[in-house]
Each structure stands twice: as structure tokens, then as C-alpha cells.
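As C-alpha cells, the structure follows; a few thoughts come after it.
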Amino acid sequence: MSSKTIHCLRCGAEVVRLNPNHRYCKVCSETWATLNHRRRELSREAGLLTNKAAKRSLFWCDEPTAGLVWTIRVLVPFSYSASKNYIHQLARSRHVFLNQKSKRKREEITAAIRNGLRDRKVAHNKLWIDILVQKPNHRGDAINVVDLVCDAVKDAVPVDDRWFCIRRLDWEIVKDDPQLIIGIGQESTEDAQVCSFCGQIKPLDAFNKDKRRVLGVGHECRECRRVGRMLREQASGSLLAG
82 MSSKTIHCLR
92 CGAEVVRLNP
102 NHRYCKVCSE
112 TWATLNHRRR
122 ELSREAGLLT
132 NKAAKRSLFW
142 CDEPTAGLVW
152 TIRVLVPFSY
162 SASKNYIHQL
172 ARSRHVFLNQ
182 KSKRKREEIT
192 AAIRNGLRDR
202 KVAHNKLWID
212 ILVQKPNHRG
222 DAINVVDLVC
232 DAVKDAVPVD
242 DRWFCIRRLD
252 WEIVKDDPQL
262 IIGIGQESTE
272 DAQVCSFCGQ
282 IKPLDAFNKD
292 KRRVLGVGHE
302 CRECRRVGRM
312 LREQASGSLL
322 AG
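Quick look at the structure:
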């Protein structure tokens, strides 16, 4: 075998090397592609079973909640400009524009959270948000501030808002100096990722490394891939090397 040829990892045939990653002859390569596609299908099916088993019930609210390992609390003066009803306005020309008061309130919340976090590491994991709306009267809806608060938190932390969870949302009437009180915290300081097959949140070491990804790991956990390979082997009667 010369430097320009390889031995197929499956059948041992000598073939011309087409690229540095070339491992199989044409026939075995086609077989590998078919079985690998089948492996992904079986991994996805196995992940679906795991996902169904972990699905929470109607009474999920009765389950004990995990304690937060860190929290911060900030407050900013309350303003109805934080309501989603004020964020965007319609000009006479029918052009939609951003309300500047809402923009400033969002920036104010972001600055307060950044100052509260200081040098604290925010992990790629669930981020829990508490909101207490102290409103001066019963005119507005407390739930309408969620959009702007979450946008402000997103600007303040290096974590995608897909990780955000609302832990508590409450309101009260405060006539003198009403505030918007916001808390954020996490149950874990460990970076994690959601498996695209089973949907479970797992630490990064549960995934194969992949430098192309933001977190440096693939999207399918090792357990789903392992079960997929096992089911493929049972179905095909042969397992390719590599």
C-alpha cells in the first residue's frame, strides 16, 4: 500500500485515497452511509422513548423545586413604559417605532443586572427569573412587563433566552415610590446542553466534542448515540468499524 492508497476498514480492499478522511471503498462507503442514517433514526427513536418517560404530568407544580445556588436582586423605579403595550408605537405614517421611554427602561434594567452580576459566571443552563411589579394603581397588567424584562436580562447575560424560565411573577399596589423588583438565579453553575434526540438537559461531557459548535460539543448525547448503535447492530447484524 502506497501513501496514495488505503485499505478499506470494512472489507480490507486496497483503494485510491481520495482525501485525508477516506476510510472505506465505494461499496462499503455506501453501506456505511445507509447504516449511519439508520443509526441516527434509531437514536432518535430511543431518545423519543426517554423523552416520553421524563415528561411531567398535570401536577408538575406540586413537585419540589431545586434550590438556586446563586441569586441576585435588583430594583428600578416602576414605569408603565415597561409594559409591552408601550414598547412599540404607530406613527401617523403607519410606521412602527420603538418607544424611547421603553428603550431607556430596558437599558436601565440591563445596567442594574450587569452591575449585580459583576464577575459572576452565568452558566449555559436554566436561568430563573423572579419579577415583582409594584404598580401605583390597578390600571396595568403585571404580566405585560415580562417581555421587556426578559429582553433586558438577555442583554445583560451571555446566555441565550431559550434557557430563561419565569419562577415567580407577582404584583402589589404601592402608592409611594413603586419599584420593579427583578431577581435572577440558577440551580447549577455547570454548562449544559439539550440533547436534540431525548430533549434532556445534560452536562457538556455527556456529548461528543465538535469544534464547529458554539459550546464545542455535538447536539446528540452519547447515550442516545450508544443506544442507536446498539439497535442498528441488532437490526443489521453487522457493526462497521470506526
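Sequential numbering from 82 applies to the sequence shown in our numbering.
Positions of the beta carbon are idealized from the N, C-alpha and C atoms, including for glycine.
Quick caveat, the model's predicted, so the values are computed rather than measured.
Could you tell me the alpha carbon to alpha carbon distance between residue i and residue j, rounded to whole angstroms?
i, j, result
"Cys246", "Gly266", "10 Å"
"Ala273", "Lys202", "14 Å"
"Ala94", "Pro101", "17 Å"
"Val230", "Ala237", "11 Å"
"Val234", "Glu188", "10 Å"
"Arg306", "Glu122", "10 Å"
"Leu129", "Glu301", "12 Å"
"Arg104", "Lys85", "12 Å"
"Arg125", "Arg313", "12 Å"
"Pro145", "Gly197", "28 Å"
"Leu321", "Ser110", "Legend: pLDDT at Leu321 = 43, less than 50; position of this residue unreliable, value from coordinates given subsequently. If I take the Cα positions, the gap works out to 10 Å."
"Val155", "Glu268", "19 Å"
"Cys89", "Leu149", "53 Å"
"Asp286", "Arg243", "21 Å"
"Val308", "Lys133", "16 Å"
"Arg199", "Leu171", "38 Å"
"Arg294", "Asp257", "50 Å"
"Thr283", "Asn289", "The displayed chain sequence assigns Lys, not Thr, to residue 283. Each residue's Cα considered, the two are about 12 Å apart."
"Gly264", "Phe159", "15 Å"
"Ser138", "Thr131", "15 Å"
"Cys279", "Ala127", "7 Å"
"Arg195", "His169", "25 Å"
"Gln315", "Cys106", "24 Å"
Going by DSSP, which residues form a beta bridge with residue i?
i, result
"Leu149", "In DSSP, Leu149 forms no bridge with anything."
"Phe159", "According to DSSP, which records beta bridges pairwise, Phe159 is partnered with nothing at all."
"Arg154", "Gly264"
"Pro284", "Ala273"
"His88", "Glu95"
"Phe245", "Leu208"
"Cys302", "Phe288"
Measure from the alpha carbon of residue i to the alpha carbon of each residue in the options, then state which is nearest.
i, options, result
"Cys92", "Glu301, Val108, Thr86, Val308", "Val108"
"Gly262", "Cys106, Cys302, Thr191, Asp286", "The sequence given here has Ile at residue 262, not Gly. Here the closest residue by C-alpha is Thr191."
"Ala291", "Gln281, Arg303, Gly280", "The sequence shown places Asp at residue 291, not Ala. Comparing Cα-Cα distances from Asp291 to each of Gln281, Arg303, Gly280, the minimum goes to Arg303."
"Val275", "Val157, Lys207, Ala134", "Lys207"
"Leu296", "Asp241, Phe278, Pro259", "Asp241"
"Asn166", "Pro284, Asp228, Ile153, Asp200", "Asp228"
"Val157", "Pro284, Phe288, Pro259, Cys279", "Pro259"
"Thr152", "Ile168, Cys279, Arg248", "Arg248"
"Asp232", "Ala127, Pro284, Arg185", "Arg185"
"Ser162", "Asp143, Gln281, Ser183", "Ser183"
"Trp209", "Ala193, Thr270, Cys279", "Thr270"
"Gln281", "Ile194, Lys136, His169", "Lys136"
"Asn180", "Ala193, Ser164, Asn218, Val97", "Ser164"
Within the region 177-232, ranges of the beta strand (DSSP E) (whole runs, at least 3 residues): Within the region 177-232, the complete beta strand (DSSP E) runs of at least 3 residues are 177-179, 208-216.
Would the region 240-256 count as touching the region 215-227 if we require 3 or more Cβ pairs under 8 Å? These segments touch.
Three-pair Cβ contact test at 8 Å for the region 174-186 versus the region 209-216: Flag = no, the region 174-186 and the region 209-216 do not touch.
Length-filtered (4 minimum) alpha helix (DSSP H) runs lying within the region 248-279: Entirely contained in the region 248-279, not one alpha helix (DSSP H) run reaches 4 residues.
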